[in-house]
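So the sequence shown is numbered by full-length UniProt numbering: it starts at 1 and just counts up by one. Have a look at the structure below before the remarks.
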Amino acid sequence: HTDDITCMAGDTFHVYTASSNNVYAWRRGTELKHTYSGHERPVHLLLPFGPHLISVDESSVVKVWDIKTEELYLELNFDNDTFQITTVCHPFTYLNKVLFGSQQGSLQLWNLRTSKLIYTFPGWDSPITVLEQSTAIDVVGIGLENGKIILHNIKCDVTVVEFTQDWGPVTSLHFRSDGPPIMASGSMAGHVVFWNLEERKVASQLLSGHDAAISGLHCFPNEPLMVTSSPDNAIKIWIFDMPDGGVRLLRLR
Numbered sequence: 001h002t003d004d005i006t007c008m009a010g011d012t013f014h015v016y017t018a019s020s021n022n023v024y025a026w027r028r029g030t031e032l033k034h035t036y037s038g039h040e041r042p043v044h045l046l047l048p049f050g051p052h053l054i055s056v057d058e059s060s061v062v063k064v065w066d067i068k069t070e071e072l073y074l075e076l077n078f079d080n081d082t083f084q085i086t087t088v089c090h091p092f093t094y095l096n097k098v099l100f101g102s103q104q105g106s107l108q109l110w111n112l113r114t115s116k117l118i119y120t121f122p123g124w125d126s127p128i129t130v131l132e133q134s135t136a137i138d139v140v141g142i143g144l145e146n147g148k149i150i151l152h153n154i155k156c157d158v159t160v161v162e163f164t165q166d167w168g169p170v171t172s173l174h175f176r177s178d179g180p181p182i183m184a185s186g187s188m189a190g191h192v193v194f195w196n197l198e199e200r201k202v203a204s205q206l207l208s209g210h211d212a213a214i215s216g217l218h219c220f221p222n223e224p225l226m227v228t229s230s231p232d233n234a235i236k237i238w239i240f241d242m243p244d245g246g247v248r249l250l251r252l253r
């Protein structure tokens, strides 16, 4: 890369990186397979989407690429003054559909095959920082800049439950899929909170898991493991085996 990497994503076949307005697809870490060029501003969001790759730049220009041919499949242009895209996710079972969150606080559900806006969610009066599919179909976890976490049924447009973390903006969200109904949320302060979704309360906390914000957080599928990353230049793997259901450090890089 000639410039800083601005974001990363991955699927079964490639790791995708964005740098200086371009997006790259890598195999085995070092083998460059594809380059996607055309953005005029730095790319800050990437989402692999079946045979396609979605990239969003700082001007809220959305490009959908055919991964294999590198051809542009679709382009959507948003106005940063009315809908500045901050995050994107693909809701489970929603064929050809993606959900965009905005700095203005609203959400938009789009069908990328027809290039049509399906529905607008007005939001919760705070910029959206994170979108993450929960373990329940139709329910999406939404993290806000004011520290609120909303579990929202996007099919019915009904909020299932709402939490508030004490340490400011929600930087990351993920859900355990190995049994316990636990959602993990990351903060700017380097703390992680584990929420019991059945009892609707805090299950445990990981204080100062990192020396900087929790920028990435992922619970392994069907395993009691979680990985976190941070600008403190550390990647940590944690295991859920404490008596209170909390985590202890398993590996550090």
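All residues carry an ideal CB built from backbone N, CA and C; glycine is no exception.
- A Cβ-Cβ separation of about 12 angstroms leaves residue 134 out of contact with residue 143 under the 8 angstroms criterion.
- Leaving aside the five residues that flank residue 245 on each side, the residues in its chain whose CB is nearer than 6 angstroms to its CB run, in chain order, 203 and 204.
- By the Cβ-count criterion, residue 60 is buried, with 16 or more other Cβ atoms from all chains shown falling within 10 Å of its own Cβ.
- Residue 251 sits in a strand when the DSSP states are folded into three classes.
- Here DSSP, grouped into helix, strand and coil, assigns residue 114 to coil.
- Only exposed fits residue 118, as fewer than 16 other CB atoms lie within 10 angstroms of its CB.
- Closest by C-alpha distance to residue 40, out of 120, 20 and 49, is 20.
- Between the segment 46-53 and the segment 66-75, the count of Cβ pairs shorter than 8 angstroms is three or higher; the stretches touch.
- Within 10 angstroms of the beta-carbon of residue 235 lie fewer than 16 other beta-carbons, which makes it exposed.
- By the CB criterion at 9 angstroms, residue 44 and residue 14 fall outside the cutoff.
- When secondary structure is reduced to three states using DSSP, residue 108 falls in the strand class.
- Nearest to residue 170 by C-alpha distance, out of 152, 100, 151 and 145, is 145.
- Under the three-state reduction of DSSP output, residue 190 falls in the coil class, being neither helix nor strand.
- For residue 184 and residue 17, the gap between their C-alpha atoms comes out near 25 angstroms.
- Under the three-state reduction of DSSP output, residue 38 falls in the coil class, being neither helix nor strand.
- Remark: C-beta atoms of residue 190 and residue 230 approach each other more closely than 9 angstroms.
- Here residue 36 really is in contact with residue 23; their C-beta atoms are around 4 angstroms apart, less than 8 angstroms.
- In the structure shown, the three-state DSSP call for residue 70 is coil.
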